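Asks:
Printed below as a string of structure tokens:
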């Protein structure tokens, strides 16, 4: 009976959360304090949690823009640079065959960021030129050398820094955070912090880990501004109230 019950449980946990040797170590030999396997379990669990959360993380931002029918306070350059960084992470991870749990949120965040970028341009009356899908296909094709993909990932650090600094400068210049969603900003901050650990554990790639260290610092800056400007209102809102 134990073996029969063990079968379905093993199929669920291996290899999604645990390699087979760790499954045996923890759940067969009952070595519940086996640190290397516990680190793998924690990393996989965090990684999959981040991927699951990324399905919804930017939807509050999308709904806030749609509800206000305005993208006031959002820097279009910042959004586009974030899209570049997400694309670099996704392509680099796919090419290097990293586990989906270590990068999967980049796919869903990329799709949501494309939507936000479209809305920002739409509400500013700017023409949207859809060539992103073509660029992505080229980057994922065998025609693109690994050196180019690695360079794209390395460019993530300046792209993330510049993108977030542009948004921070916009917030400072406006004296408020406009239509920035607090839920989205704080979820991105927490997710990037957790990704530092999972990147080290699952990929061992210093480039990936370094990108998330920088991303955490930059997301922390935007989160701090949201708290600082929490009660600040846009000038046109103040006029309406008067």
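In our numbering, the protein residues as written are 838 to 1079.
The beta carbon of each residue, even a glycine, is placed where N, CA and C say it ideally should be.
Bear in mind the structure is a predicted one, so any value in this text is a computation, not a measurement.
Mind checking whether residue 936 and residue 1039 have CB atoms under 9 Å apart?
Replies: Translated into the one-based positions of the chain shown, residue 936 becomes position 99. Translated into the one-based positions of the chain shown, residue 1039 becomes position 202. Against a cut-off of 9 Å, the Cβ pair of residue 1039 and residue 936 comes out as a contact.
Asks: Alpha helix (DSSP H) containing residue 909: first to last residue?
Replies: Sequence index remark: in the chain shown, residue 909 carries index 72 (1-based). No alpha helix (DSSP H) contains residue 909, which DSSP labels as neither H nor E.
Asks: Drop a sphere of 10 angstroms on the beta-carbon of residue 993, count the other beta-carbons inside from all chains shown, and report buried for 16 or more, exposed for fewer.
Replies: Position 156 of the chain shown, counted from the first residue, corresponds to residue 993. By the neighbour-count rule (16 or more Cβ atoms within 10 Å), residue 993 is buried.
Asks: Can you check whether the CB of residue 1002 is closer than 9 Å to the CB of residue 954?
Replies: Here residue 954 refers to the residue found at position 117 when the chain shown is read from its first residue. Here residue 1002 refers to the residue found at position 165 when the chain shown is read from its first residue. It is not a contact, given that the beta carbons lie outside the stated cut-off.
Asks: In terms of residues, what are the limits of the alpha helix (DSSP H) holding residue 1029?
Replies: Walking along the chain shown from the start, residue 1029 turns up at place 192. Following the DSSP letters along the chain, one finds residue 1029 inside the alpha helix (DSSP H) bounded by residues 1019-1039.
Asks: Considering only the beta carbon of each residue, do residue 854 and residue 885 sit closer than 9 Å?
Replies: Here residue 854 corresponds to residue number 17 of the chain shown, with the count starting at 1. Here residue 885 corresponds to residue number 48 of the chain shown, with the count starting at 1. A contact, by the Cβ cut-off of 9 Å.
Asks: In the DSSP assignment, find the unbroken alpha helix (DSSP H) run with residue 992 in it and report its ends.
Replies: In the chain shown, residue 992 corresponds to position 155, counting from 1. Note, residue 992: premise wrong, no alpha helix (DSSP H); not H, not E.
Asks: Specify, as a first and last residue, the run of the alpha helix (DSSP H) that residue 882 falls within.
Replies: For the purposes of this step, residue 882 is taken as the residue at position 45 of the chain shown. Its alpha helix (DSSP H) spans residues 872-891.
Asks: Using three-state DSSP, classify residue 961 as helix, strand or coil.
Replies: Translated into the one-based positions of the chain shown, residue 961 becomes position 124. Correct three-state label for residue 961: coil.
Asks: Straight-line CA distance for residue 972 to residue 921?
Replies: Translated into the one-based positions of the chain shown, residue 972 becomes position 135. Translated into the one-based positions of the chain shown, residue 921 becomes position 84. Distance between the alpha carbons of residue 972 and residue 921 is about 11 Å.
Asks: Quick one: measure Cβ to Cβ for residue 990 and residue 925, integer angstroms, because I've assumed they're closer than 8 Å.
Replies: As a first step, residue 990 is located in the chain shown; it is residue number 153 there, counting from the start. As a first step, residue 925 is located in the chain shown; it is residue number 88 there, counting from the start. About 5 Å separates the two Cβ atoms, so the contact holds.
Asks: Would you identify the three-state DSSP class for residue 866, choosing helix, strand or coil?
Replies: Translated into positions along the chain shown, residue 866 becomes position 29. It is coil, neither helix nor strand.
Asks: Going by alpha carbons, who is nearest to residue 946 out of 1028, 976 and 1036?
Replies: Reading the chain shown from its first residue, position 109 is the one you call residue 946. Cα-wise, what sits closest to residue 946 is 1028.
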